[in-house]
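*Asks:* Residue numbers (the working numbering), protein chains in the order written: chain A, 1 to 199; chain B, 200 to 398.
First, the structure itself, so that you have it in front of you.
2 protein chains.
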Amino acid sequence: MKYFAAPLEKLVEQFESLPGIGHKTAQRLAFFVISQPEEKAQAFASAILDAKKSIHTCKTCCNLTEDELCPICSDTKRDTTTVCVVSDPKDLIAIERTHEYNGLYHVLHGVISPLSNVGPDQLRINELLQRVRNGGISEIIMATNPDPEGDTTAMFLSRLLEPFEVKVTRLAYGIPVGGHLEFSDQVTLTRALEGRRPL
Amino acid sequence: MKYFAAPLEKLVEQFESLPGIGHKTAQRLAFFVISQPEEKAQAFASAILDAKKSIHTCKTCCNLTEDELCPICSDTKRDTTTVCVVSDPKDLIAIERTHEYNGLYHVLHGVISPLSNVGPDQLRINELLQRVRNGGISEIIMATNPDPEGDTTAMFLSRLLEPFEVKVTRLAYGIPVGGHLEFSDQVTLTRALEGRRPL
Numbered sequence: 001m002k003y004f005a006a007p008l009e010k011l012v013e014q015f016e017s018l019p020g021i022g023h024k025t026a027q028r029l030a031f032f033v034i035s036q037p038e039e040k041a042q043a044f045a046s047a048i049l050d051a052k053k054s055i056h057t058c059k060t061c062c063n064l065t066e067d068e069l070c071p072i073c074s075d076t077k078r079d080t081t082t083v084c085v086v087s088d089p090k091d092l093i094a095i096e097r098t099h100e101y102n103g104l105y106h107v108l109h110g111v112i113s114p115l116s117n118v119g120p121d122q123l124r125i126n127e128l129l130q131r132v133r134n135g136g137i138s139e140i141i142m143a144t145n146p147d148p149e150g151d152t153t154a155m156f157l158s159r160l161l162e163p164f165e166v167k168v169t170r171l172a173y174g175i176p177v178g179g180h181l182e183f184s185d186q187v188t189l190t191r192a193l194e195g196r197r198p199l
Numbered sequence: 200m201k202y203f204a205a206p207l208e209k210l211v212e213q214f215e216s217l218p219g220i221g222h223k224t225a226q227r228l229a230f231f232v233i234s235q236p237e238e239k240a241q242a243f244a245s246a247i248l249d250a251k252k253s254i255h256t257c258k259t260c261c262n263l264t265e266d267e268l269c270p271i272c273s274d275t276k277r278d279t280t281t282v283c284v285v286s287d288p289k290d291l292i293a294i295e296r297t298h299e300y301n302g303l304y305h306v307l308h309g310v311i312s313p314l315s316n317v318g319p320d321q322l323r324i325n326e327l328l329q330r331v332r333n334g335g336i337s338e339i340i341m342a343t344n345p346d347p348e349g350d351t352t353a354m355f356l357s358r359l360l361e362p363f364e365v366k367v368t369r370l371a372y373g374i375p376v377g378g379h380l381e382f383s384d385q386v387t388l389t390r391a392l393e394g395r396r397p398l
């Protein structure tokens, strides 16, 4: 027997299809939406449609934007000779928050992951190569995550970029600030030792 | 500086307004919705609107339904002399899942909670009294949660129902099946002792 009316059941299913949302949470969210006034439900629905309709990838860096170029690519004050390659728009935001980087970005929208059937063709690699071919780029910083898939992707890209006259760098590995040596894993500690710098 | 385009930011805000969804999760969900094909986003948006539009409370028991009467109230095989009072439609479902109860329900849509500014007037108490006044009900089972607010609500209702010729009962307190005496709290154990029954 269905315990809920069909439209409610459908809304629960929709919430359940989101990543990290289980059945109980989906129920809770659906009930909450139902309990809200009509305008709120309408605002939610139109936010979904608006975002889906107006958001697309930047022509240059593949970041998400509602214009042809994203705010970073269209900012004339940024250093156009450096490109930081990230796998996800959220990583771009993490780097922007440091206020330490003034170059441009390139968003791959994923990493090479044979286990999830993601090959280089599904990533925005051709767009990156085209930017390098167009010239004007002197350094590419690989800022994919420091995990096997991120490392593989960075390695793969650096091979592809070998024929071009461009410096390819990788974010430093090491102990996070505020971290404890005692609780650091062996690999991180090994990398921190390897990457040691004169004081 | 805004890191996201405005429509995306709005969608993140919408997700963030849901209970138990923080900023990071809201971002993750919004990005997921954006990454889905157009039809999926549309299905999500219309599920919200449909549910909000078509779901309302049952004329008799205040359960959520898309018809005038909920499936339980319109089921002629159910025992109409017993009414189980729950605070939330989800509690009704929990009881239905036992397949042990064949009576009707009454959904209060909340419990009396002075701390959250919820008084008896905000609950569907008048509807319950009207059902009792209409006659034909011999027992009312208080199935609010066994916490201070649920207990208060059950107590308050039982006082209100005193003038009527109706038996008012409360769900049994005790050790949950599969539980351990060792890990039971004192109050539960006291209630389990008080409620002991001949074997």
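For every residue, glycine included, the Cβ atom is placed at its ideal position computed from N, Cα and C.
Assign Val85 of chain A to one of three DSSP states: helix, strand, or coil.
*Replies:* By one-based count along the first sequence, residue 85 of chain A stands at place 85. It is a strand residue.
*Asks:* Counting contacts by CB-CB distance shorter than 8 Å, is Ser421 of chain B in contact with chain A?
*Replies:* The structure shown does not extend to residue 421 of chain B, since chain B is modelled only from 200 to 398, so the question has no answer here.
*Asks:* Going by alpha carbons, who is nearest to Gly349 of chain B out of B:Thr264, B:Glu381, B:Pro218, B:Gly318?
*Replies:* Here residue 349 of chain B corresponds to residue number 150 of the second sequence, with the count starting at 1. Nearest of B:Thr264, B:Glu381, B:Pro218, B:Gly318 to Gly349 of chain B, Cα basis: B:Gly318.
*Asks:* Suppose contacts are defined by Cβ-Cβ distances below 8 Å. Is Thr351 of chain B in contact with Val284 of chain B by that definition?
*Replies:* Looking up residue 351 of chain B in the second sequence gives position 152. Looking up residue 284 of chain B in the second sequence gives position 85. No, they are not a contact pair.
*Asks:* Please tell me whether Glu237 of chain B has its Cβ less than 8 Å away from any Cβ of chain A.
*Replies:* Position 38 of the second sequence, counted from the start, is the residue given in the question as residue 237 of chain B. It does; some Cβ of chain A falls within 8 Å.
*Asks:* List, from N- to C-terminal side, the alpha helix (DSSP H) runs of 4 residues or more that fit wholly inside the segment 233-297 of chain B.
*Replies:* Runs found: 237-253, 288-295.
*Asks:* With 16 other CB atoms within 10 Å as the buried threshold, where does Met200 of chain B fall?
*Replies:* Translated into the one-based positions of the second sequence, residue 200 of chain B becomes position 1. Because Met200 of chain B carries a pLDDT of 49, less than 50, the predicted location of this residue cannot be relied on, and no value is offered for it.
*Asks:* Can you tell me whether Gly302 of chain B is helix, strand or coil according to DSSP?
*Replies:* Numbered from 1 along the second sequence, position 103 holds the residue referred to as residue 302 of chain B. Of the three classes helix, strand and coil, the one that applies to Gly302 of chain B here is strand, per DSSP.
*Asks:* Could you list which residues in chain A have their beta carbon closer than 9 Å to that of Gln241 of chain B, in chain order?
*Replies:* Here residue 241 of chain B corresponds to residue number 42 of the second sequence, with the count starting at 1. Here the neighbours are Ile48, Leu49, Lys52.
*Asks:* Consider the Cβ of Gln122 of chain A: report whether some Cβ of chain B lies at a distance smaller than 8 Å.
*Replies:* Taking the first sequence and counting its residues from 1, the one referred to as residue 122 of chain A is at position 122. Gln122 of chain A does not count as touching chain B.
*Asks:* For a quick check, are the C-beta atoms of Leu92 of chain A and Ile125 of chain A less than 8 Å apart?
*Replies:* Here residue 92 of chain A refers to the residue found at position 92 when the first sequence is read from its first residue. Here residue 125 of chain A refers to the residue found at position 125 when the first sequence is read from its first residue. In this structure, Ile125 of chain A does not lie closer than 8 Å to Leu92 of chain A by Cβ.
*Asks:* Should Thr65 of chain A and Ala204 of chain B be called a contact, given that it needs their Cβ atoms to be closer than 8 Å?
*Replies:* Position 65 of the first sequence, counting from 1, holds the residue named residue 65 of chain A. Position 5 of the second sequence, counting from 1, holds the residue named residue 204 of chain B. Yes. Within cutoff.
*Asks:* Assuming Pro7 of chain A and Arg227 of chain B are in contact, meaning their beta carbons sit under 8 Å apart, how far apart are those beta carbons, in whole angstroms?
*Replies:* Counting from 1 along the first sequence, the entry for residue 7 of chain A is found at position 7. Counting from 1 along the second sequence, the entry for residue 227 of chain B is found at position 28. No, Pro7 of chain A and Arg227 of chain B are not in contact; Cβ-Cβ is about 26 Å, not under 8 Å.
*Asks:* How would you label Ala30 of chain A, buried or exposed, when you count the other beta carbons within 10 angstroms and need 16 or more for buried?
*Replies:* If you number the first sequence from 1, residue 30 of chain A lands on position 30. Classification for Ala30 of chain A: buried.
*Asks:* Should the segment 160-178 of chain A be regarded as contacting the segment 188-195 of chain A, the criterion being three or more beta carbon pairs within less than 8 Å?
*Replies:* Yes, the segment 160-178 of chain A is in contact with the segment 188-195 of chain A.
*Asks:* Would you kindly check if the distance between the Cβ of Val132 of chain A and the Cβ of Gly103 of chain A is under 8 Å?
*Replies:* Along the first sequence, one-based indexing puts residue 103 of chain A at 103. Along the first sequence, one-based indexing puts residue 132 of chain A at 132. No, the pair does not count as a contact, with Cβ atoms beyond the cut-off.
*Asks:* According to DSSP, is Glu364 of chain B part of a helix, a strand, or is it coil?
*Replies:* Translated into the one-based positions of the second sequence, residue 364 of chain B becomes position 165. Coil, per DSSP.
*Asks:* Interface residues of chain B around Ile112 of chain A at Cβ under 8 Å?
*Replies:* Here the question's residue 112 of chain A lines up with position 112 in the first sequence. By Cβ distance, chain B contributes nothing, its closest Cβ being about 18 Å from Ile112 of chain A, past 8 Å.
*Asks:* Does any CB atom of chain A fall closer than 8 Å to the CB of Ala342 of chain B?
*Replies:* Taking the first residue of the second sequence as position 1, residue 342 of chain B is located at position 143. No, no contact with chain A.
*Asks:* Where do the N-terminal and C-terminal ends of the beta strand (DSSP E) with Ile125 of chain A fall, by residue?
*Replies:* Stepping through the first sequence from its first residue, residue 125 of chain A is reached at position 125. Per DSSP, Ile125 of chain A belongs to no beta strand (DSSP E); it is in the alpha helix (DSSP H), 125-133.
*Asks:* In the DSSP assignment, the beta strand (DSSP E) including Glu139 of chain A goes from what residue to what residue?
*Replies:* The residue labelled residue 139 of chain A in the question sits at position 139 within the first sequence. First-last of the beta strand (DSSP E) with Glu139 of chain A: 139-142.
*Asks:* What would DSSP say about Ser17 of chain A, mapped onto helix, strand or coil?
*Replies:* Against the first sequence, residue 17 of chain A aligns to sequence position 17. Three-state DSSP puts Ser17 of chain A in coil, outside helix and strand.
*Asks:* For Val317 of chain B, write down the residues that DSSP places opposite it in a beta bridge.
*Replies:* Numbered from 1 along the second sequence, position 118 holds the residue referred to as residue 317 of chain B. B:Ser312, per the DSSP bridge assignment.
*Asks:* Kindly indicate which residue of B:Ser286, B:Tyr304, B:Lys252 has the alpha-carbon position closest to the one of Cys272 of chain B.
*Replies:* Against the second sequence, residue 272 of chain B aligns to sequence position 73. Per the Cα distances, B:Tyr304.
*Asks:* First and last residue of the alpha helix (DSSP H) that includes Glu393 of chain B?
*Replies:* Stepping through the second sequence from its first residue, residue 393 of chain B is reached at position 194. Per DSSP, Glu393 of chain B belongs to the alpha helix (DSSP H) from 385-393.
*Asks:* Taking the beta carbon of Pro89 of chain A as the centre, do at least 16 other beta carbons fall within 10 Å, making it buried, or is it exposed?
*Replies:* The count along the first sequence starts at 1 and reaches residue 89 of chain A at position 89. Per the 10 Å Cβ criterion, buried.
*Asks:* Show which residues of chain B have a CB atom less than 7 Å away from the CB atom of Pro148 of chain A.
*Replies:* As a working note, residue 148 of chain A is residue 148 in the first sequence. Residues of chain B passing the Cβ test: none, with the nearest at roughly 22 Å.
*Asks:* Establish whether the CB of Ala391 of chain B and some CB of chain A are separated by less than 8 Å.
*Replies:* Counting from one through the second sequence, the residue named residue 391 of chain B turns up at place 192. Cβ-Cβ to chain A under 8 Å: no for Ala391 of chain B.
*Asks:* Who are the near neighbours of Glu68 of chain A in its chain, counting only those whose CB is closer than 7 Å to its CB and skipping five residues on each side?
*Replies:* Within the first sequence, residue 68 of chain A is the residue found at index 68, counting from 1. Result list for Glu68 of chain A: Lys59, in chain order.
*Asks:* With distances taken Cα to Cα, identify the nearest neighbour of Met142 of chain A among A:Val111, A:Asp79, A:Gln42.
*Replies:* Stepping through the first sequence from its first residue, residue 142 of chain A is reached at position 142. Nearest C-alpha to Met142 of chain A: A:Val111.
*Asks:* For chain A, find out if any of its Cβ atoms is closer than 8 Å to the Cβ of Leu388 of chain B; answer yes or no.
*Replies:* The residue you call residue 388 of chain B lines up with position 189 of the second sequence. Not an interface residue.
*Asks:* In angstroms, rounded to a whole number, what distance separates the CA positions of Gln235 of chain B and His109 of chain A?
*Replies:* For this step, residue 235 of chain B is matched to residue 36 along the second sequence. For this step, residue 109 of chain A is matched to residue 109 along the first sequence. Roughly 13 Å separates the two Cα atoms.
*Asks:* Would Ser337 of chain B and Val365 of chain B be called neighbours here (beta carbons separated by less than 8 Å)?
*Replies:* Numbered from its first residue, the second sequence carries residue 337 of chain B at position 138. Numbered from its first residue, the second sequence carries residue 365 of chain B at position 166. Going by C-beta atoms, Ser337 of chain B is nearer than 8 Å to Val365 of chain B.
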